[in-house]
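Chains as they are written, first to last, in my numbering: chain D, 295 to 1068; chain U, 15 to 240.
Even glycine gets a Cβ: it sits at the ideal position worked out from N, Cα and C.
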Amino acid sequence: MPDIKFNSGVPSGRKNKLSRKVLAENQNENEDQNEIFDFSRKIRELRLELEIRKREEERIEKDISIIIEENSGDGGEQNRTFGLAVTRLNNNMLVVENSAKQLTNTLKNISLLADTISGRVSALDEAKNRVVNCLQLAGDMRDLGVCAEGIDEAIRSEDFETASEHIHRFLTLDQAVFQIREFKDKDATDSIRHSYEVLSSAKERLSKILKARLDDAVIKGDVSEMQRFVKLFPLLKESDEGMQRFGKYINTKIDKLADDHITIMRAGGTDDERRNVLYADTLFMFFEGIAGILESNLSIMESSYGSDKILDFLFILQTRIDEFFKRLLVEFDKNRKVSTIIKQINSTLFNKNSIAQENILDPLDIDSIVAEICLMNNSVEMYGRFIGRRVGKQADEEKLDKLLNRSLVGTKMQELIGNYILIEHYYMQKSVEKAINMDLRENEELTSSIVEDTVFIVRKCIRRAAGSGNVDSVCATINNAVAMLETTVHQYLGGFINSGFSTSNFATDAIQTAMNAAYQKPKDSQQDTEKDMFLLALNNSSKMSEMLKELQKGLIYEWSNVSRPAVEKNKLEHAATQIDEIVRKLTSLAKHGIDELFKAGFKGKIKSSCDPYRDISHQLTMQDLEHFEANDPFVEAFLTTVDRLLVEHESLLYSDNYQHLLLTVCSELSRQFELILSKCQFNRYGALQLDREYRQISAYLTNVAGWNAREKCARLGLIVGLLNVETIEEAMENWQNSKTSAITTTTRPLTLGEVKKYLALRVDFPTLAINSLN
Amino acid sequence: MYYQHKGRLHWMEDYKYLFKVVLVGNAGVGKTCLVRKFTQGIFPPGQSATIGVDFMIKTVKVGNDKIKLQIWDTAGQERFRSITQSYYRSAHAIVLVYDVSCQPSFDCLPEWLGEIESYANRRVLKILVGNKVDKGDEREVPERIGKDFSDVNSFDYFLETSALDATNVDQLFEQVATRLTNDMKATDERLHQYRSDANTSSGQNGQIRLLDRAQNQINSCCGSRQ
């Protein structure tokens, strides 16, 4: 308590000095003692000293108590409580320490005990396992005995179920049982050896009996007997034997079914109206029958043989199904003459040599055959899906693929589909050629029959291919369709469009008369027909591209509802994108034609209608401006000319084509006007008049061609705006603004050079100031 | 132009060109294995015969350009011929494959060549591939013979490969991609040149003449079938 030390009023240093002094004096006294032993004075001094010390102590104690009292009001009480608490805590700690020691001891004991127990338990466990094994072995041995005893009786009494159970037990016994044969105990080993021999021979006998009985049942066609015996083979671990025999039975059923259907087919079927799909119907009915047979017989295989044996069983049946299909195909080929057709098609379609007309097949004659092949494939695919569902998802995919795709049915159908694709190709090609030959335009129609006929044929072929359920045939048909459109059809339409402009005397007036003639009087000149055909081909291309795009959309929509493997989806998707290409080609063909039409019929006229603008004065007075408001000098006549040109064509062109023409006219008009105004000179009022004229033109174009037209003459607007200013400074400001807030991305902003050039058109602006702009 | 449009089919996506490559040749010469090795890096043992056509895509780099190869792996068996034939026309490259350890597959080459000539675009890139060089002693067609056949029949490229040990597999497809890309770039440049010439000489008329030219090209290269 250093505080108390300093507060006592007696500095320790002085006190120490004092005590040292006393010590020193005491030493002196000791020295004195040796000589004089008179203590009385000394004692007195000491007593005095003691008295002083006592008083000092009292004073210090008083000081201390004062200080304590000052520092804490009721310190004494607290101190006592605290002291008590500390004592209690101390006691408690002692208790805890003791308890902890006890606990440690207890734990040590427990761990020792646990070790002992676990040792005992593991020993017990081992013992138990041995007991269980022994019991099982004993059980097995007993079972073996029971089986051996019961088997003969069971076989004798024809209780084959029990017998098979015995054999099954025998076959599934732990091999350990038979090792006991080498055991020491002679009796036991003898008994086991005996049972083993009995059962082995019994198994042989039973197997023979079962086979014979099943064979019998198969021959007799006794279904319940058959089902009884078939179930037993897996117990004897002779599943294959059972499957073979049962398969034989099912195969006779299949053969019967096949014979029935072939007989009906040869008689011409049951429905005369379906004669043209007789073979497809027969195939369909046959597969329906097969599905029925499988439904009623597969469950027994599944429950006794396990689902993984189903595929093996189906392979046994496939031989007979293949046989039927072979027979059907022979008849099909004989009566539908597919081979002959293929031969003929190959020679017509791919031989450049001319072929006698009578040898060329009419597409109508093969229409029903292609439909029939599609139906046949559809039946095969349906059967495949049925099998796929029946064997389930866990089936061996490779095996399933082998069964469905590599069997005779699979490969022959692939071959037939190959033929189908070829015949369909021929059908499409010849039908379209026919449609071209019969191309006819109804009165007043913008397009002719070729467009709808072609799209109809293409759609029909693709849909039919899709109906076969074979994705490859759909893709191949689309590929062939695109090839046909890009060659035959494109050449046909392109021919008219190109020849329309190849003739030397094709001129503005000529097309004009031709177009008028088309409506007013019968065509009498070769040239008129050519122009007419040109416009027709133009509209046909445009409409056909539109219809093909729709066809593509329709196909994609139809396919989106069917779930297919990713590869097949990709193939279809790719095939569909091929249509885009022909759509684009037809569109550009139409555009190309429109451009030619524009060159011949519009370009010159627009230019010549612009020319009068030069002859009008553009340096006006206020009065002139007012006068022009009522009496337009140029623009009305100009727009009337353009409008007349457009109106004449509107009724002749398909909407897309007309729209393209309008936009072409818009840009040309804007270009020509720009050219002509740069040859004129304006004053302020002249520029105002120009602005008025520009607004009229822009309003007219927007009116006929929509907002796209405004875009086309935006540049002209910039120039007109530039000319309509009071000062050069204002013009520059306008120009800067137009550069930053470019109206559209397609509009080319004016360059400084152009700005100078156009400003120079204002006669009232000083040339020097314009030239010094930068 | 026709050629070009095909290649630019999907120019909006992140690759520069898309090419269609069609593999043909007798059944069992290893077309599917070549494609699998190239696209997936695996050699599928016990690969069963392809049914119809198979279809795979792989992107490769030629210089700094990403090139997408759309690979059509066709079935070699006769019964799929009409499906296969429909793919020739839109192909940019046709890879004709034979098996160096199987003389009959080589003997059939003229037949395949006939197919290519009658169905494919005349300017198609033709590549001859002798596969299964890993078979060593079993080889029946010497490299020299293959090379000669390729030269005589004006194939653009000849190569011997092995899908089993990956010999020349990547190189084959890289060559296809590189050659097609270079062709396409050359066409692009010519077109660009033509366009700027036309623009400087006759303004708007140039564009129409260009279309004329494109038209003629379409007609000339599609006419082979008729």
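- Task: Taking C-beta pairs closer than 9 Å, name the residues in chain D that U/Y101 reaches, listed in chain order.
- Result: C769, A770 and N773
- Message: Beta-carbon within less than 6 Å of D/S964's beta-carbon, same chain only, minus the 5 sequence neighbours each way: which residues are those?
- Response: K1006, C1007 and L1010
- Any Cβ of chain D within less than 8 Å of the Cβ of U/G55? no
- Item | For U/T195 and U/I65, believed in contact at Cβ under 8 Å, the rounded distance | The pair is not a contact, with the Cβ atoms about 32 Å apart (cut-off 8 Å).
- Query: Does any C-beta atom of chain D lie closer than 8 Å to the C-beta of U/R158?
  - Reply: no
- Item | Minimum C-alpha distance to U/S164 - residue among U/I97, U/V111, U/K45 and U/I85 | U/V111
- Could you check how far apart the C-beta atoms of U/Y102 and U/A134 are, in whole angstroms? I think they sit under 8 Å. 4 Å
- Query: Can you tell me the Cα-Cα spacing of D/R883 and D/L787, whole angstroms?
  - Reply: Sequence check: residue 883 of chain D is Leu here, not Arg. Spanning the two alpha carbons is a distance of roughly 8 Å.
- Task: With a floor of 4 residues, list each alpha helix (DSSP H) that falls wholly inside the region 639-709 of chain D, ordered by position along the chain.
- Result: 657-685 and 691-699
- Can you pull the chain D residues whose beta carbon is under 8 Å from the beta carbon of U/D68, in chain order? V861
- Under the rule that 16 or more other beta-carbon atoms within 10 Å means buried, what is D/S1066, buried or exposed? exposed
- Take every Cβ of the region 1042-1049 of chain D, pair it with every Cβ of the region 149-163 of chain U, and state whether three or more of those distances are shorter than 8 Å. no
- Alpha carbon to alpha carbon, how far is U/R193 from U/K30? Give it in angstroms, no decimals. 14 Å
- Under 8 Å between the Cβ atoms of D/L493 and D/L608? no
- CA-CA distance, D/D602 and D/S416? 42 Å
- So which of D/L982, D/M595 and D/D937 has the shortest CA-CA distance to D/N997? D/D937
- On the three-state DSSP scale, how would you describe D/F800? Residue confidence for D/F800 is low, a pLDDT of 44 falling below 50, so the modelled location carries little weight; the figure read from the coordinates is stated next. If DSSP states are grouped into helix, strand and coil, D/F800 belongs with coil.
- Would you say U/I97 reaches chain D, if we count a Cβ-Cβ gap shorter than 8 Å as a contact? yes
- Any idea if D/R335 is buried or exposed, counting beta-carbon neighbours within 10 angstroms, 16 or more meaning buried? exposed
- Using a Cβ cut-off of 8 Å, pull out every chain U residue sitting near D/L716, in sequence order please. S96
- Chain-ordered neighbours of U/S104 on chain D, where CB pairs are closer than 9 Å: N773, V776, A777, Q872 and E875
- Residues of chain U with CB under 7 Å from D/N1104, in chain order? Since the first residue shown for chain D is 295 and the last is 1068, residue 1104 of chain D is missing from the structure and cannot be characterised.
- Task: Give every residue of the same chain whose Cβ lies closer than 7 Å to the Cβ of D/T1061, excluding the five residues on either side of it in the sequence, and list them in chain order.
- Result: A1054
- Note down, in chain order, every chain D residue with its Cβ under 9 Å from the Cβ of U/S210. Within chain D, no residue comes near U/S210; the closest Cβ sits about 17 Å away, beyond 9 Å.
- Query: What does D/K865 touch in chain U if you count any residue whose Cβ is under 8 Å from its own?
  - Reply: V67 and F69
- Message: For a contact defined as C-beta to C-beta under 8 Å, what are the partners of U/R136 on chain D?
- Response: Those within 8 Å of U/R136 in chain D number zero; the least Cβ separation is about 13 Å.
- Item | Coarse secondary structure for D/N1065, derived from DSSP in three states | helix
- Query: U/Q185 by DSSP, collapsed to three states: which one?
  - Reply: helix
- Helix, strand or coil for D/T456 per DSSP? helix
- Does the distance from the CB of D/S992 to the CB of D/L1012 come in under 8 Å? no
- Message: Looking at D/V1014: is its Cβ nearer than 8 Å to the Cβ of D/N1028?
- Response: no
- Task: Please report the Cβ distance between D/T935 and D/K899, rounded to the nearest whole angstrom; I am assuming they are in contact, meaning their Cβ atoms lie under 8 Å.
- Result: 7 Å
- Query: What do you reckon, are the CB atoms on D/V929 and D/E968 nearer than 8 Å?
  - Reply: no
- Query: From D/F523 to D/L529, what distance separates their C-alpha atoms?
  - Reply: 11 Å
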